[in-house]
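In the working numbering, the protein residues as written are 29 to 137.
Positions of the beta carbon are idealized from the N, C-alpha and C atoms, including for glycine.
Note that the structure is predicted; figures quoted are calculated from it, not measured.
Structural data, given as structure tokens:
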């Protein structure tokens with residue numbers, strides 16, 4: 029599963045776990061329902077970090093929580109490999125913040 033597909037599934041699953049409709053999340057994220065639907069299906073192409081941040085805020089979760097896919101080592105390795113393909117400096121900085129937050133949380137335990 030590609031990183032884009034994982035993000036699409038994560039948005040969909042978190043939205044359902046919060047008993048939200050696409051319309052409700054789209055309103056909270058200040059976006060068109062059709063755009064959110066395409067993102068959830070994974071048919072939107074690359075998602076901008078600013079769009080993802082609005083969706084995450086609309087879901088009322090932190091970026092760290094959003095990107096916590098589980099403890100499966102294969103999944104972690106796939107995610108790490110996907111990250112190495114990212115060339116957008118804005119996305120790299122955003123991901124660095126997530127990693128820093130995750131490491132900070134881990135170090136506190």
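Open item on the list: Just to check my reading of the structure: residue 64 and residue 50 have Cβ atoms closer than 8 Å, yes? What is that Cβ distance to the nearest angstrom?
Closed with: Start at 1 with the first residue of the chain shown, and residue 64 comes out as number 36. Start at 1 with the first residue of the chain shown, and residue 50 comes out as number 22. With a Cβ gap of about 5 Å, residue 64 and residue 50 count as contacting.
Open item on the list: Taking its Cβ as the centre, do 16 or more other Cβ atoms sit within 10 Å of residue 86, making it buried, or is it exposed?
Closed with: Stepping through the chain shown from its first residue, residue 86 is reached at position 58. Classification of residue 86: buried, given that the 10 Å Cβ count is 16 or more.
Open item on the list: At the level of alpha carbons, what is the spacing between residue 38 and residue 132?
Closed with: Within the chain shown, the letter at position 10 stands for residue 38. Within the chain shown, the letter at position 104 stands for residue 132. So the alpha carbons of these two residues sit roughly 23 Å apart.
Task: Exposed unless 16 or more other CB atoms sit within 10 angstroms - verdict on residue 76 - done: On the chain shown, residue 76 is found 48 positions in, with the first residue counted as 1. Looking at its Cβ environment, which holds fewer than 16 other Cβ atoms inside 10 Å, residue 76 is exposed.
TODO: Mark residue 118 as exposed unless 16 or more other C-beta atoms lie within 10 angstroms of its C-beta, in which case mark it buried.
DONE: Here residue 118 is taken as the residue at index 90 of the chain shown, counted from 1. When all chains shown are included, residue 118 counts as exposed.
Task: Of the residues 130, 74, 88, the one placed nearest residue 48, counting alpha carbons only - done: For the purposes of this step, residue 48 is taken as the residue at position 20 of the chain shown. When only C-alpha atoms are compared, the closest one is 88.
Open item on the list: According to DSSP, simplified to helix, strand and coil, what is residue 86?
Closed with: Your numbering for residue 86 matches position 58 in the chain shown. Three-state DSSP puts residue 86 in a helix.
TODO: Leaving out five residues on either side along the sequence, give the residues of the same chain with a beta carbon under 7 Å from the beta carbon of residue 46.
DONE: As a working mapping, residue 46 is identified with position 18 in the chain shown. Only 87 meet the Cβ criterion.
TODO: For residue 67, collect the residues of the same chain with a Cβ closer than 7 Å to its Cβ; drop the 5 residues on either side in sequence, then sort them by chain order.
DONE: Taking the chain shown and counting its residues from 1, one reaches residue 67 at position 39. Around residue 67: 36, 39, 75.
Task: Endpoints, alpha helix (DSSP H) assigned at residue 34 - done: In the chain shown, the residue the question calls residue 34 occupies position 6. Taken as a continuous stretch (DSSP letters only), the alpha helix (DSSP H) holding residue 34 covers 31-45.
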